[in-house]
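**Student:**
There are 2 protein chains.
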Amino acid sequence: MAGIRDVARLAGVSTATVTRALRDEPSVTAETKAKVLAAAARLDYVPSAAARALSQGRSNVLGLFVPDVVNPFYALVAQGMADRAADARYQLVIAGSHLNPERERQMVTSLHDGTFAGLAATTVGTDESFTSALTAQRGPLVLVDRRPRGLHAPLVRTDNRKVTRDAVGQFFRLGHRKVSMISGPRDFDTACQRLSGFRLAYRDAGLAVREDYISHGHLGEEGGYRAMNELLAMPEPPTAVFCFNNLVTVGALKAIRAAGLKIPTDLSLLAFDDMSLFPLVEPPITAIAQPAYEMGRAAADLLLRRIAGETDLADIVLPATLVTRESLGPPLS
Amino acid sequence: MAGIRDVARLAGVSTATVTRALRDEPSVTAETKAKVLAAAARLDYVPSAAARALSQGRSNVLGLFVPDVVNPFYALVAQGMADRAADARYQLVIAGSHLNPERERQMVTSLHDGTFAGLAATTVGTDESFTSALTAQRGPLVLVDRRPRGLHAPLVRTDNRKVTRDAVGQFFRLGHRKVSMISGPRDFDTACQRLSGFRLAYRDAGLAVREDYISHGHLGEEGGYRAMNELLAMPEPPTAVFCFNNLVTVGALKAIRAAGLKIPTDLSLLAFDDMSLFPLVEPPITAIAQPAYEMGRAAADLLLRRIAGETDLADIVLPATLVTRESLGPPLS
DNA sequence: TTCGCAGATGTAACCGGTGACATGATCGTC
DNA sequence: GACGATCATGTCACCGGTTACATCTGCGAA
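Protein sequences, first through last, are from chains G and W. Here the first sequence stands for residues 1 to 333, numbered as in the working numbering. Here the second sequence stands for residues 1 to 333, numbered as in the working numbering.
#1: Could you name the residues of chain G that glycine 96 of chain W contacts, counting a contact when the two beta carbons are closer than 7 Å?
#2: Nearest by alpha-carbon distance to threonine 286 of chain G: which of G:Tyr293, G:Ala292, G:Leu277 is it?
#3: Taking DSSP as the reference, what is the three-state secondary structure of isoleucine 182 of chain G?
#4: Between the Cα of proline 140 of chain W and those of W:His112, W:Asp159, W:Arg146, W:Val163, spot the shortest distance and give me the residue it belongs to.
#5: Among the candidates G:Thr311, G:Ala240, G:Arg203, whose CA atom is the shortest distance from the CA of lysine 335 of chain G?
#6: Just checking: is the beta-carbon of glutamine 290 of chain W within a distance shorter than 7 Å of some beta-carbon in chain G?
#7: Is it right to say threonine 29 of chain W is buried, meaning 16 or more other beta carbons lie within 10 angstroms of its own, or is it exposed?
#8: Might you give, ordered along the chain, the residues of its own chain that have their beta carbon closer than 7 Å to the beta carbon of tyrosine 238 of chain G, omitting 5 neighbours on each side?
#9: Residues in the same chain with beta-carbon distance under 8 Å from arginine 42 of chain G, minus the five sequence neighbours each way, listed in chain order, please.
#10: Compare the C-beta of serine 268 of chain G with all C-beta atoms of chain W and state if any pair is closer than 7 Å.
#11: List the residues of chain W whose Cβ lies closer than 7 Å to the Cβ of leucine 22 of chain G, in chain order.
#12: To the nearest whole angstrom, what separates the beta carbons of proline 148 of chain G and threonine 123 of chain G, a pair I think is in contact under 8 Å?
#13: Please report the distance separating the alpha-carbon of alanine 51 of chain W from that of aspartate 312 of chain W.
#14: Start and end of the beta strand (DSSP E) containing alanine 153 of chain G?
#15: Does leucine 328 of chain G pass the burial test, meaning 16 or more other C-beta atoms within 10 Å, or should it be called exposed?
#16: Can you check DSSP and say which residues form a bridge with arginine 157 of chain W?
#17: For phenylalanine 198 of chain G and threonine 164 of chain G, which I take to be in contact (beta-carbon distance under 8 Å), what is that distance rounded to the nearest angstrom?
#18: Tell me whether glycine 260 of chain G is buried or exposed, calling it buried when 16 or more other Cβ atoms sit within 10 Å of its Cβ.
#19: Report yes or no: is there a C-beta of chain G within less than 7 Å of the C-beta of arginine 5 of chain W?
#20: Quick one, which residues of the region 43–71 of chain G are near chain W if we go by CB-CB under 7 Å, in chain order?
#21: With a Cβ-Cβ cutoff of 7 Å, do tyrosine 225 of chain G and glycine 184 of chain G count as a contact?
#22: Strictly under 7 Å for the Cβ-Cβ distance: is histidine 176 of chain W near chain G by that measure?
#23: State the DSSP-derived secondary structure class of phenylalanine 242 of chain G, mapped to helix, strand or coil.
#24: Can you tell me whether histidine 152 of chain G is buried or exposed, with buried defined as 16 or more other CB within 10 angstroms of its CB?
#25: Please classify proline 235 of chain W: is it buried, with 16 or more other beta-carbons within 10 angstroms of its beta-carbon, or exposed?
#26: Can asparagine 160 of chain G and arginine 194 of chain G be called in contact, C-beta distance under 7 Å?
#27: By the criterion of Cβ-Cβ separation under 8 Å, what are the contact partners of methionine 228 of chain W in chain G?
#28: Around the Cβ of methionine 228 of chain W, are there at least 16 other Cβ atoms within 10 angstroms (buried) or fewer (exposed)?
#29: Taking only beta-carbon atoms, is aspartate 113 of chain W less than 7 Å away from chain G?
#30: Exposed or buried, lysine 262 of chain G, counting other C-beta atoms within 10 Å across all chains shown (16 or more means buried)?
#31: Chain W beta carbons: is any one of them nearer than 7 Å to that of glutamine 193 of chain G?
#32: Identify each residue in the region 234–262 of chain W for which the Cβ-Cβ distance to at least one residue of chain G is less than 8 Å, and report them in chain order.
#33: Classify leucine 267 of chain G: buried if its beta carbon has 16 or more other beta carbons within 10 angstroms, exposed otherwise.
#34: Helix or strand or just coil, what does DSSP make of glutamine 106 of chain W?
#35: From this set, G:Phe244, G:Glu222, G:Ser196, which residue's C-alpha is nearest leucine 269 of chain G's C-alpha?
#36: Are at least three pairs of beta-carbons, each pair with one atom in the region 295–309 of chain W and one in the region 78–86 of chain W, less than 8 Å apart?
Have a look at this one:
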């Protein structure tokens, strides 16, 4: 592997001049630049990333910590971040903890060993240790989607409350009165915001919230499945259900299918988070779509600005939109 | 940030001893080790990744190049690779080219600048330049899913031909005669292998292949959509269709739905690649499931072995399985 | 007693760019 | 014609671990 000294020798200049020529600094003569570029090209010279990182004291790698890489929402966030990062010639390392404590420890280590110039994270509130490690993180940090209690860092999110309020309002406008929500853990701020929007929709309709129709603490497919089964087993089951995230929706759908119920005839369903196959489900699922890709881009952007020295960065709130398909209908009774 | 010299000073030893103690080498006294570990702990010492990479001449980062990070198949491969890599204390950088030439150039650069200790790649045959850059790649390289023409590197794949032959055989056993395939580009070895399995299934049934039922050169959702529309517009349309990958299947499904046809009554459908929402599509889609996660693990494993110095690594062929759901039925006519 | 060897630890060059500072050349000005 | 400013380029310490080699100690064998 040719090094900068080889290039310098071949071009007949010093290593400093090579550095400067390659960075296209104005202080270098056009003639010298040409010589250096020719030499570099002839030797297939590519500067060592490690050497550069060491001498500059900063890497060109951003980190993204998410609970689950396979969840399409996070995959899109990652894509957006990676794209924006690449624009600025940064790499992106995507790490999925998925509840492996050993993995988490490693992640925290690489957080300190200079691997990352900055970090974006979405944590599930349950892993206390990780959150506190993040708190101790001195380097640039931004949060995506949700903010764990006590973590001060800029956040990229959607206006959960407003969009939920509007979308759930649809249920009431269609005549539903028994409207339910499968919500997440109480300490998730996203769950809280969506729940708050849900309550507002009840209020907008001039109705008192049926607390027994709110099922708390669910995450993932199994959570949605269990919650939906419990709702269906109620003496007076709801006629409309709002699911607070994509995996919960999938679980709920499976429960509904298992119970032999038809959407939207027997039950109306509204999902938070869209999925690429929702149009193909029977019936196509109406969903609140978060701009996941843009959220990723915005997170990278925020992070790069922090790395560049900006401080006092404000949260970014992006709009989510309701994608109307066919899972909402008037109540049966 | 505390450095190794700080630790050495505090422990009253030399930097070399610190290195050795931290790597738990047997030549270091238990007593000395204890001193060093105590000092390191007190200073919150974490070795610099960049310095280590520079002095060892090798990073602890693996690279994965895929066409599209959001495609759940690749996401699962990435997950598997990341998990296996983490076991060996390696990071994984996932890069999605998705047809951006500038991005590709960057990827090729980081391929040479030592960012990656090794590389796993799945390329779409169209990007000639990238493939040739990969060929020039001197470092450890493994391929996932498909091997571009002329690239010599160990490959992790599934037995496309066999599983396709068996699965497509189902069509004939159900009585279908007009069996179609939406296939990929002719220069994809995966497409060739699946096509070959498809032909074998025809032969097993004692029938001559209807070449006009084979639609070549499709990739992605639009490809599947277009191909399916063309098939449906034939004077004598097929009664069963095999889609050669997941996105093509999604496109085909949309075309079928748009045409107002019912599966499996009007048309039977078989997909290569399973998707998490296929069970919820109407009807649930029968699919050939590739062990994507395991493929990722295997790829990382292979790569780590190459990095460790092993040569002459053989291809790894993992079994794919048919997941029977409800999209196959007897032909209408 | 001395030599040799093994085991424990220290020393310092090295990895390959970077950038502060030094140097040398050129040019305008008084 | 000398001096200072400016510009182009060179020199070299430095980033922080790693590792080959040197050193020192202690113990057993000759």
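Ideal Cβ positions, reconstructed from N, Cα and C, are used throughout, including at glycine.
**Tutor:** To lay it out plainly:
#1: Residue numbering aside, residue 96 of chain W sits at position 96 when the second sequence is read from its first letter. Those within 7 Å of glycine 96 of chain W in chain G are Gln79, Ala82.
#2: Position 286 of the first sequence, counting from 1, holds the residue named residue 286 of chain G. Comparing Cα-Cα distances from threonine 286 of chain G to each of G:Tyr293, G:Ala292, G:Leu277, the minimum goes to G:Leu277.
#3: The count along the first sequence starts at 1 and reaches residue 182 of chain G at position 182. If DSSP states are grouped into helix, strand and coil, isoleucine 182 of chain G belongs with the strands.
#4: The residue given as residue 140 of chain W occupies position 140 in the second sequence. Its Cα nearest to that of proline 140 of chain W, the residue W:His112 stands out among W:His112, W:Asp159, W:Arg146, W:Val163.
#5: Outside the displayed range of chain G (1 to 333) lies residue 335 of chain G, so it cannot be described from this structure.
#6: Residue 290 of chain W sits at position 290 when you count from the first residue of the second sequence. No, glutamine 290 of chain W does not count as interfacial toward chain G.
#7: Within the second sequence, numbered from 1, the residue matching residue 29 of chain W stands at position 29. With fewer than 16 other Cβ atoms within 10 Å, it is exposed.
#8: To locate residue 238 of chain G, count along the first sequence from 1; it is residue 238. In the sequence under discussion, the amino acid at residue 238 of chain G is proline, which differs from the tyrosine named in the question. For proline 238 of chain G, where only same-chain residues beyond five positions count, the Cβ hits under 7 Å are Lys178, Val179, Ser180, Tyr213, Leu231.
#9: Position 42 of the first sequence, counted from the start, is the residue given in the question as residue 42 of chain G. So the qualifying residues of the chain are Leu10.
#10: Within the first sequence, numbered from 1, the residue matching residue 268 of chain G stands at position 268. Serine 268 of chain G does not count as touching chain W.
#11: Mapped onto the first sequence, residue 22 of chain G falls at position 22. Correct list: empty, because the minimum Cβ distance to chain W is about 12 Å.
#12: The count along the first sequence starts at 1 and reaches residue 148 of chain G at position 148. The count along the first sequence starts at 1 and reaches residue 123 of chain G at position 123. Correct: roughly 5 Å between the Cβ atoms.
#13: What you label residue 51 of chain W is simply residue 51 of the second sequence in a count that begins at 1. What you label residue 312 of chain W is simply residue 312 of the second sequence in a count that begins at 1. When rounded, the distance between both Cα atoms is 32 Å.
#14: Position 153 of the first sequence holds residue 153 of chain G. Here alanine 153 of chain G belongs to no beta strand (DSSP E), and DSSP marks it neither H nor E.
#15: Translated into the one-based positions of the first sequence, residue 328 of chain G becomes position 328. Leucine 328 of chain G comes out buried.
#16: Working through the second sequence from its first residue, we reach residue 157 of chain W at position 157. According to DSSP, which records beta bridges pairwise, arginine 157 of chain W is partnered with W:Val317.
#17: Mapped onto the first sequence, residue 198 of chain G falls at position 198. Mapped onto the first sequence, residue 164 of chain G falls at position 164. Indeed they touch by this definition, with Cβ atoms about 6 Å apart.
#18: To locate residue 260 of chain G, count along the first sequence from 1; it is residue 260. So glycine 260 of chain G counts as exposed.
#19: By 1-based counting over the second sequence, the position of residue 5 of chain W is 5. With 7 Å as the cut-off, arginine 5 of chain W does not count as an interface residue toward chain G.
#20: Val46, Pro47, Ser48, Ala49, Ala50, Ala51, Ala53, Leu54, Ser59, Val69, Val70
#21: Locating residue 225 of chain G in the first sequence gives position 225, where the first residue counts as 1. Locating residue 184 of chain G in the first sequence gives position 184, where the first residue counts as 1. No. Outside cutoff.
#22: Counting from one through the second sequence, the residue named residue 176 of chain W turns up at place 176. Cβ-Cβ to chain G under 7 Å: no for histidine 176 of chain W.
#23: As a working mapping, residue 242 of chain G is identified with position 242 in the first sequence. If DSSP states are grouped into helix, strand and coil, phenylalanine 242 of chain G belongs with the strands.
#24: Working through the first sequence from its first residue, we reach residue 152 of chain G at position 152. It counts as exposed.
#25: The residue labelled residue 235 of chain W in the question sits at position 235 within the second sequence. That one is exposed.
#26: Here residue 160 of chain G is taken as the residue at index 160 of the first sequence, counted from 1. Here residue 194 of chain G is taken as the residue at index 194 of the first sequence, counted from 1. The Cβ atoms of asparagine 160 of chain G and arginine 194 of chain G sit closer than 7 Å to each other.
#27: To locate residue 228 of chain W, count along the second sequence from 1; it is residue 228. Within 8 Å Cβ-Cβ: nothing; methionine 228 of chain W doesn't reach chain G, min ~13 Å.
#28: Stepping through the second sequence from its first residue, residue 228 of chain W is reached at position 228. So methionine 228 of chain W ends up on the buried side.
#29: Here residue 113 of chain W is taken as the residue at index 113 of the second sequence, counted from 1. So, interface residue.
#30: The count along the first sequence starts at 1 and reaches residue 262 of chain G at position 262. It counts as exposed.
#31: Start at 1 with the first residue of the first sequence, and residue 193 of chain G comes out as number 193. No, because no Cβ of chain W sits closer than 7 Å to the Cβ of glutamine 193 of chain G.
#32: Val250, Leu253, Lys254, Arg257
#33: Along the first sequence, read from residue 1 onward, the residue named residue 267 of chain G stands at position 267. The residue in question, leucine 267 of chain G, is buried, as its Cβ has 16 or more Cβ neighbours within 10 Å.
#34: In the second sequence, counting from the first residue as 1, residue 106 of chain W sits at position 106. Three-state result, glutamine 106 of chain W: helix.
#35: Working through the first sequence from its first residue, we reach residue 269 of chain G at position 269. The option with the nearest alpha carbon to leucine 269 of chain G is G:Phe244.
#36: Yes, they touch.
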